[in-house]
Structures are given as structure tokens and as C-alpha cells.
Amino acid sequence: MIMKVKVLSLAFLCLPFLIGGCATRKTSDKTSDLSVADSLLTNILSLYNVEKHGLLSETYPVNPDNQVTYLAEGSEQKKGQEVSFLWPYSGMLSGCVSLYKTTGNQKYKEILEKQILPGLEQYWDNIREPFCYQSYPMFNGKSDRFYDDNDWIAIDFCDYYELTKEPAYLEKAEALHKYIYSGWSDELGGGIFWCEQQRVSKNTCSNAPATVLCMKLYKLTNKAEYLDWAKKTYAWTKQHLCDTTDYVYWDNIALDGKVATQKYTYNSGQMIQAGVLLYKETGDETYLQDAQRTAKGSFEHFTSRHRLSDGKEVLFYTSSPWFNVIMFRGLKALYEVDGNALYVNTMAENARYAWANTRDENGLLGHDWSGQKTKKYKWLLDNACMLELFSEMSELPSVKL
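So, in C-alpha cells, the structure goes:
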């Protein structure tokens, strides 16, 4: 076990004063954060409920003209869906697992096992091998299968197994690992594709969380193959998708070698978490240095100053709640090693501001935490992800920057 290290200079710890002016942050309130998560969970389960299927809707209110934009090109079922796609639904799994972890409250375990997990199994494709979760429930027939969708769920199963010690969850995580690595190929020297049905790009979002998954499975099973895959996947992703000018990760690389240079918080966040997990296991300082460089670069790339209604200027992460929550996983893991609270506290204060100032009359949050842009239809994932964020925030110490 690697002990906590502190390697940041005083100047870097004072970065918010250099970038955003002197902003006083309120102390964390564990009870308040957990109360927000619990309230939001109640609202989601009530408002998004699709009783016919025992699932949840993509938006609230239901948008009859909704057309999702996050599926692969040529995918069917882009509009007119009765229930949510797998990705937003999986946010409920992550959130409830996190709530159970942080509180130990059996209420959340009951919600998981009586509602969320049975609903999840409607997405389980046991026809095409290797078996995995597909993007839309099986009652509608076959749909595309995404390696990254299954990454997130497998990680949740690892976490839930660690809490419950029920073998079925570890078995499912290992089965999903088998599926995910069926997407690895020798093109471009390795890497996992994004979509099984359209093997045209290898994305950070399929490879970085696969590395995290491997490290979690290694911790739970002590099987050397998982550590080997983690190192291999991490190295491939770093080589092909890291922008070495700021250590923030690009989105994907196509089979022709063309890199899609868009940058999203979750991609870098997962490489931060992967680096921390590899560092803690191996003691190799390179992984920690990678994580710290990517965290610093991400903070500078993804935060900007917003002027609030009272005239104050505050740093906000980019408007992309779930992506930011996945980044928070990495930032929190890094904080637990190096003690730098800047990144986690900035995001935590963003979330607390959003809840206090931008939630609607139904107690739901939108896509923009600053509240500068609002939409009538609230996406399930924008709210489901906040269950995890407020739950995980409750474990932060009371700190003023």
C-alpha cells in the first residue's frame, strides 16, 4: 500500500486565486450532501417511472420529439423510445451503489435489488456471444452493444461485490470483462473499439474505464491477467490518445490513424483514476505523475469563470454533468493519495451551487450547473449521475480553500 504523498507547491495550491480571484468556499456538510442525493433519488424514481416496463424514461417530462445523439452513426431506435437507453439507466446503478457504500443504509440495497438491478437485466443480451448489456431493452429486439456501456456497469458490479460479498456480482463483472476485451484488436497496435457493431474507432471512453475495471478485478481476485491487461491498456491509451501539450485526453482514434481531438472530462478522469490505481498497486511513480499532470491540465482546460447573478465570478467545470462525475472519480482517487483538495472541492462547490440555485420546480437538475442555460426536458442521466456525486462528496473533509 502506497502512503499518501504531498508533492504540490504552495503556488499551485493557490491556483484558484491566480485564475478566479479570491473565492471563499463553504465547508462541506456530509448530512446535507446525502440529503440532496436521497431527495433526488426519490424524485427520479417517482417522475421518470415507466410502470409498464418497470424502467425509467429518457427525460422528464417525456419529450415526444426526443432524438438521442449519443449512439453510433446508423443506429436505429434514435427516437420514439418508450424507456431510457442503457447509458442513462446505468447512472442509477452507479448512484445507488455509491449511496449504499457511503451510508450503509439498507434502503438503498433494497432499491438496487428490487428495482434497479431487475430493470438492468432487461438490457441483457443473452443471444449474441459474448453476452453483455445492449443499448436498449431486449423487448424491442436487438440493438447496438457498446464496450464503454459495459465498462461502467462492470465497475459498478465490482464495487457492489466489495460491499455485499455476493459472488454473482463478481461473476457478472468478470463476464463483462470477457465481453469488453473481445473488442480488443491488433489494429493500431491494440486498444478496444467503442461500438461492437461499428468497429471504426478506438476510444478513450472504452479503454480508460477498462483499465480501471482491470485494476478493480485484480484487487478482488488477485489474478495476474487483470494487472497485465491494465498495464497494457493504460499504455496503449496514453500512447495514442494523450495530448502531450497539456496531458488531457482526446476522444478517439479511427482505424486510419486520424485522431478526433475533442476533449471531454470523463476521458481524462478515467485515466487519472487508472493511474492512481496502478500507482497504488505497483509503486511506480510514473503513474502518479501522469495522474497529477492530467488533473492539472484538465483543471486548466475544462474550468472557466462564470459571473453569477450577484456579480461574483466563480470557476465552473464545463457543462456536462455525467462526464464531470466520472472525472470526479479520478480526482477523488488522486486527492486520497496526494491531498490536493483543489479539484474535488471546485467540483463539489459547483454541484452545491447547482442544487441551491438551478433545480426546477420538480426538484430536478439540468445540464448547466451554472444555470445560464435551461431546458424544459430534464435528461435522466443529468440527474442520475448527481446521486453518485453528492454521495461521494459527503466523504470529503470539511475544508475551506
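If you use mature numbering (1 follows the signal peptide of the UniProt record, and there is no 0), the sequence shown corresponds to residues -25 to -1, 1 to 376, in order. C-beta atoms are modelled at their ideal positions from N, C-alpha and C, and glycine is treated no differently.
* Asn358 versus Thr321: straight-line alpha-carbon distance, rounded -> Indexing the sequence shown from 1 puts residue 358 at position 383. Indexing the sequence shown from 1 puts residue 321 at position 346. Using only the alpha carbons, I get a separation of about 19 Å.
* **Boundaries of the beta strand (DSSP E) in which Tyr292 is found, first to last residue** => Along the sequence shown, one-based indexing puts residue 292 at 317. Boundaries of the beta strand (DSSP E) harbouring Tyr292: 288 to 292, taken from the DSSP string.
* Between the Cα of Ser32 and those of Ala12, Leu46, Met67, spot the shortest distance and give me the residue it belongs to. => Here the question's residue 32 lines up with position 57 in the sequence shown. In terms of CA proximity to Ser32, Met67 leads the group Ala12, Leu46, Met67.
* Would you list the residues sitting across from Cys360 in a DSSP beta bridge? => The residue given as residue 360 occupies position 385 in the sequence shown. DSSP lists no partner for Cys360.
* If we count the other Cβ atoms within 10 Å of its Cβ and call it buried at 16 or more, is Ala185 buried or exposed? -> As a working mapping, residue 185 is identified with position 210 in the sequence shown. Answer is buried; the Cβ neighbour count reaches 16.
* Shortest alpha-carbon distance to Asn101 belongs to which of Met113, Glu141, Asp221? -> Position 126 of the sequence shown, counted from the start, is the residue given in the question as residue 101. Just measuring C-alpha positions, the residue of Met113, Glu141, Asp221 sitting nearest Asn101 is Met113.
* Asked: Of all the options Ile301, Ser69, Met361, which has the alpha carbon lying nearest to the alpha carbon of Leu92?
  -> In the sequence shown, residue 92 corresponds to position 117, counting from 1. When each option's Cα is compared against that of Leu92, the closest is Ser69.
* **Beta carbon of Ala12 nearer than 7 Å to that of Ser366** => One-based indexing of the sequence shown puts residue 12 at position 37. One-based indexing of the sequence shown puts residue 366 at position 391. Yes, the pair counts as a contact, with Cβ atoms nearer than the cut-off.
* To do: Quick one: using the 10 Å Cβ neighbour count with 16 as the cut-off for buried, is Gln109 buried or exposed?
  => Against the sequence shown, residue 109 aligns to sequence position 134. It counts as buried.
* Asked: Would Gln347 be called buried (16 or more neighbouring beta carbons within 10 Å of its own) or exposed?
  -> Translated into the one-based positions of the sequence shown, residue 347 becomes position 372. Classification for Gln347: exposed.
* Asked: Under the three-state reduction of DSSP, which class applies to Arg280: helix, strand or coil?
  -> Here residue 280 refers to the residue found at position 305 when the sequence shown is read from its first residue. Strand at Arg280.
* Tell me the DSSP bridge mates of Ala235? -> Start at 1 with the first residue of the sequence shown, and residue 235 comes out as number 260. For Ala235, the beta-bridge partners assigned by DSSP are Asn227.
* Enumerate in chain order the residues of its own chain whose CB-to-CB distance from Lys147 is below 7 Å, with the five nearest sequence positions on each side excluded. => The sequence position of residue 147 within the sequence shown is 172, counting from 1. Same-chain partners within the cutoff: Phe132.
* To do: Within 10 angstroms of the Cβ of Leu364, are there 16 or more other Cβ atoms? Answer buried if so, exposed if not.
  => Position 389 of the sequence shown, counted from the start, is the residue given in the question as residue 364. Counting of Cβ neighbours within 10 angstroms places Leu364 among the buried residues, the total reaching 16 or more.
* **Asn125 in three-state terms, based on DSSP** => On the sequence shown, residue 125 is found 150 positions in, with the first residue counted as 1. DSSP, reduced to helix, strand and coil, places Asn125 within a helical segment of the structure shown.
* Residue from Tyr35, Asp313, Thr220, Glu104 with nearest C-alpha to Glu260 -> As a first step, residue 260 is located in the sequence shown; it is residue number 285 there, counting from the start. Here the closest residue by C-alpha is Asp313.
* Quick one: what does DSSP say Leu163 is sitting in, helix, strand or coil? -> As a working mapping, residue 163 is identified with position 188 in the sequence shown. In the structure shown, Leu163 sits in a helix (DSSP, three-state: H, G or I).
* Start-to-end residues for the alpha helix (DSSP H) that takes in Lys76 -> The sequence position of residue 76 within the sequence shown is 101, counting from 1. According to the DSSP assignment, Lys76 belongs to the alpha helix (DSSP H) that extends over 61 to 78.
* If you draw a straight line from the C-alpha of Asp335 to the C-alpha of Trp344, how long is it? -> The sequence position of residue 335 within the sequence shown is 360, counting from 1. The sequence position of residue 344 within the sequence shown is 369, counting from 1. Between Asp335 and Trp344, the C-alpha separation is close to 12 Å.
* To do: Closer than 6 Å by C-beta to Leu(-8): which residues in its own chain qualify, once you throw out the five before and the five after it? Chain order, please.
  => Sequence index remark: in the sequence shown, residue -8 carries index 18 (1-based). Reliability of the predicted coordinates at Leu(-8) is poor, the pLDDT of 32 falling under 50, and the value obtained from them is presented with this limitation in mind. Taking Leu(-8) as the centre and dropping the five residues before and after it, the same chain places no C-beta closer than 6 Å to its C-beta.
* To do: Give the single residue among Tyr75, Glu104, Ser279, Met246 whose Cα lies nearest to the Cα of Arg304.
  => Taking the first residue of the sequence shown as position 1, residue 304 is located at position 329. For Arg304, the nearest C-alpha among the options comes from Met246.
* Asked: Can you give the Cα-Cα distance for Gly29 and Gly286, rounded to whole angstroms?
  -> Numbered from its first residue, the sequence shown carries residue 29 at position 54. Numbered from its first residue, the sequence shown carries residue 286 at position 311. Answer to the nearest angstrom: the Cα atoms are 45 Å apart.
* Beta-bridge pairing of Val25 - partner residues as DSSP gives them -> The count along the sequence shown starts at 1 and reaches residue 25 at position 50. Val25 is bridged to Leu30.
* Taking C-beta to C-beta, are Leu356 and Trp297 nearer than 7 Å? -> For the purposes of this step, residue 356 is taken as the residue at position 381 of the sequence shown. For the purposes of this step, residue 297 is taken as the residue at position 322 of the sequence shown. A contact, by the Cβ cut-off of 7 Å.
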